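Student: The structure's right below; bear with me while I get my questions together.
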Amino acid sequence: MRPKKHRTTGSDDLFRARLDQIINMKHELVQLAGKVDWDWIDGEVAPLYSENGRPGIATRFMIGLLLLKQIYGLSDEGVCERWVHDPYFQYVTGEEFFQHAFPHERSDLSHWRKRLGDKLELLLAESLRVAHEAGALRSQDLKRVTVDTTVQPKAITFPTDAKLLHAAIKGLNRLARKHGVRLRQSYLRIAKTAAMMAGRYAHAKQFKRHQRQLRILRSRLGRIIRDIRRKIEGQTVLENAFALPLSRASQIRSQQQRQRGWKLYSFHAPEVECIGKGKAAAPYEFGVKASIVTNNRRAPGGLFVLHARALPDNPYDGHTLRDVIDRTETLTGCAIERAYVDKGYRGHDAQNPRRVFISGQKRGVFGVIKRELRRRSAIEPIIGHLKADGHLGRCYLKGRAGDAANVILSAVGHNFRRILAWLRELLCLILVQLWRTFVRHATLNSPS
1 MRPKKHRTTG SDDLFRARLD QIINMKHELV QLAGKVDWDW IDGEVAPLYS ENGRPGIATR
61 FMIGLLLLKQ IYGLSDEGVC ERWVHDPYFQ YVTGEEFFQH AFPHERSDLS HWRKRLGDKL
121 ELLLAESLRV AHEAGALRSQ DLKRVTVDTT VQPKAITFPT DAKLLHAAIK GLNRLARKHG
181 VRLRQSYLRI AKTAAMMAGR YAHAKQFKRH QRQLRILRSR LGRIIRDIRR KIEGQTVLEN
241 AFALPLSRAS QIRSQQQRQR GWKLYSFHAP EVECIGKGKA AAPYEFGVKA SIVTNNRRAP
301 GGLFVLHARA LPDNPYDGHT LRDVIDRTET LTGCAIERAY VDKGYRGHDA QNPRRVFISG
361 QKRGVFGVIK RELRRRSAIE PIIGHLKADG HLGRCYLKGR AGDAANVILS AVGHNFRRIL
421 AWLRELLCLI LVQLWRTFVR HATLNSPS
């Protein structure tokens, strides 16, 4: 739905009002920064900090950096570098004068994400509030939603036995050097050669030779594990430091390619799960499942993400629907009348199952419901934008807390991109209308 065009009256009041609106809207970022309630966010974040010690970094500065990073799809280093050269970035973060050097450390972004934790949902709620205030999202758009799940891949390579064994050998050697544990032999060069040859033999379908290289890697990894356990025996500090890496290395050494049950797919990211979504191009994806909720009917500003959440342990979609609907209603403050889902939600546990419609369903589907059910697939391009324009396509943050934060921040970035597009379109319409008004007045005042 496009913004309505006002009829040209030619009155001075209309000119004055539109000129004031253009002056106040020099840039979409300036307008966006003025709509965000920084004081409310500061009040919600304040309980996470102590009154004692060194004063913390200003809330607006760090929250503004997080928003800019997600809006423009930048890395932590990229947003800090662009902040130095972009005055609009500095204005959003609360600076009054142009700065020629970044005043803080890049790692402060990581510390803030960890400190905020569950409070990151406040940013999602604020993005919806700003969209509603700007006219891009209406209250009636929140009553009928579409729910779907996707996979947020982790920043790991495709796991193979040779890669995992080689990574475990390198990780244990790195940890041994860090703690001063002198190994009898590192096997680094042997492991590198064996991993390289295992990949070549597998590509050439010479599987007996491939298995021989895997046996070399497993035997060398077992020697390193036993050597470290002998060297740290009786030393409590070292035993605690090596307990988790040794358990991961033992799991990697013992697991087989086609075994059932839990498996380890990354030495540095043990939270990674293997999720099969039935795609022809990517039968299996390695990361964490994420739930996305959008408005079913297109709002004036487009489709917004109303709720986003990471779902660890790969739960069945139908078992998550009830909690997702409840959290969405809490976040938006609006009761959901109808929810539209795909066939992966069959057997769901929603409170009011009659208000949940599954694609392909025939009973009770007619009129408006039938048209809205056809719009269920509109959530797929939104997920594509979250992955291509945002950071949902590959998570570089550490641990399950990083997975949860990345899902929410990707949704926040999408919502603010839609708001900026709405403000940009609104500004263009106002400029076109003003140009037409000036042309009409010039035509009327010209001598005939």
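Under my numbering, think of the first position of the sequence shown as 1, with each following residue one higher.
Where is the CB? At the ideal position from N, CA and C, for every residue including glycine.
Note that the structure is predicted; figures quoted are calculated from it, not measured.
Provide the residue(s) that pair with Leu-311 in DSSP beta bridges, ordered along the chain.
Tutor: Lys-289
Student: Let's test the definition: count the other Cβ atoms within 10 Å of the Cβ of Lys-163 and tell me whether it reaches 16, buried, or not, exposed.
Tutor: buried
Student: Identify every residue that forms a DSSP beta bridge with Thr-149.
Tutor: Note: Thr-149 sits in a beta bridge opposite Ser-291.
Student: CA-CA distance, Glu-96 and Phe-61?
Tutor: 12 Å
Student: Return helix, strand or coil for Glu-95, following the three-state DSSP convention.
Tutor: Three-state DSSP puts Glu-95 in coil, outside helix and strand.
Student: What are the start and end residues of the beta strand (DSSP E) that includes Ala-339?
Tutor: 338 to 341
Student: Fully enclosed by the segment 44 to 93, which alpha helix (DSSP H) runs are 4 residues long or longer?
Tutor: 59 to 72, 76 to 85, 87 to 92
Student: Please determine if the segment 66 to 75 and the segment 155 to 171 are in contact, where contact requires at least 3 C-beta pairs separated by less than 8 Å.
Tutor: no
Student: Given this structure, state the Cα-to-Cα distance separating His-203 from His-210, to the nearest angstrom.
Tutor: 9 Å
Student: I need the DSSP call for Val-432, collapsed to helix, strand or coil.
Tutor: helix
Student: In three-state terms, what does DSSP make of Ala-277?
Tutor: As written in the sequence, residue 277 is Lys, which differs from the Ala given in the question. Note: Lys-277 maps to coil in three-state DSSP.
Student: Under a Cβ-count criterion, where at least 16 other Cβ atoms within 10 Å of its own Cβ denotes burial, should Val-92 be classed as buried or exposed?
Tutor: buried
Student: Under 8 Å, do Gly-393 and Pro-153 count as touching if we go by C-beta distance?
Tutor: yes
Student: Would you say the segment 186 to 198 touches the segment 211 to 219, given that touching needs at least three Cβ pairs under 8 Å?
Tutor: yes
Student: The alpha helix (DSSP H) spanning Phe-242 covers which residue range?
Tutor: It spans 236 to 254 - the alpha helix (DSSP H) in which Phe-242 sits, taken as one unbroken run.
Student: When you compare the CB positions of Glu-372 and Asn-296, do they come within less than 8 Å of one another, or not?
Tutor: yes
Student: Note down the Cα distance separating Gly-367 from Val-30, rounded to an integer number of angstroms.
Tutor: 43 Å
Student: Can you list, in chain order, the residues of its chain with a C-beta nearer than 6 Å to that of Arg-417? Leave out the 5 residues immediately preceding and following it.
Tutor: Ile-71
Student: Can you give the beta carbon distance from Pro-87 to Phe-102, rounded, assuming they're within the 8 Å contact cut?
Tutor: So it is not a contact: roughly 14 Å between Cβ atoms.
Student: Over the uninterrupted alpha helix (DSSP H) stretch that includes Ile-379, give me the two end residues.
Tutor: 379 to 388
Student: Which same chain residues, not among the five before or five after Tyr-201, have their C-beta less than 6 Å away from its C-beta?
Tutor: Arg-209, His-210
Student: Name the residue from Val-36, His-348, Gly-34, Ala-58 whose alpha carbon lies nearest to the alpha carbon of Val-45.
Tutor: Ala-58
Student: Nearest-angstrom Cα distance between Ile-173 and Tyr-49?
Tutor: The sequence as given places Asn at residue 173; Ile does not occur at that position. Rounded to whole angstroms, Asn-173 to Tyr-49 spans 38 Å at the Cα level.
Student: Am I right that Ile-408 and Leu-68 are in contact with their C-beta atoms under 8 Å? What's the rounded C-beta distance?
Tutor: At roughly 16 Å, the Cβ-Cβ gap does not stay under 8 Å, so Ile-408 and Leu-68 are not in contact.
Student: Using 10 angstroms around the beta-carbon of Ser-139, count the other beta-carbons present and answer buried if the total reaches 16, otherwise exposed.
Tutor: exposed
Student: For Leu-165 versus Leu-244, is the C-beta spacing smaller than 8 Å?
Tutor: For Leu-165 and Leu-244, no; Cβs fall outside 8 Å.
Student: Once you ignore the five residues that flank Lys-343 on each side, which residues in its own chain have a CB closer than 8 Å to its CB?
Tutor: Ile-358, Ser-359, Gly-360
Student: Between the beta-carbon of Val-305 and the beta-carbon of His-414, is there less than 8 Å?
Tutor: yes
Student: For Ile-23 and Phe-438, what's the separation of their Cα atoms in angstroms?
Tutor: Residue placement at Ile-23 is flagged as unreliable, the pLDDT there being 45, under the threshold of 50; the coordinate-derived value follows with that caveat. Going from the Cα of Ile-23 to the Cα of Phe-438 covers about 17 Å.
Student: Please report the Cβ distance between Pro-458 and Val-293, rounded to the nearest whole angstrom; I am assuming they are in contact, meaning their Cβ atoms lie under 8 Å.
Tutor: The structure shown does not extend to residue 458, since the chain is modelled only from 1 to 448, so the question has no answer here.
Student: Between Leu-137, Asp-76, Arg-177, Thr-149, which lies nearest to Leu-321 when the distance is taken from Cα to Cα?
Tutor: Thr-149
Student: Report the rounded CA-to-CA distance for Ile-382 versus Ile-225, giving the unit in angstroms.
Tutor: 46 Å
Student: Count the other CB atoms within 10 Å of the CB of Ala-335; is the residue buried (16 or more) or exposed (fewer)?
Tutor: exposed
Student: Just the Cα atoms here: how many angstroms apart are His-391 and Asp-403?
Tutor: 11 Å
Student: Would you mind working out which of Ala-411, Tyr-340, Leu-123, Leu-246 sits nearest Asp-389, comparing C-alpha positions?
Tutor: The residue with the shortest Cα to Cα distance from Asp-389 is Ala-411.
Student: Just the Cα atoms here: how many angstroms apart are Leu-429 and Ala-33?
Tutor: Those two C-alpha atoms are separated by around 21 Å.
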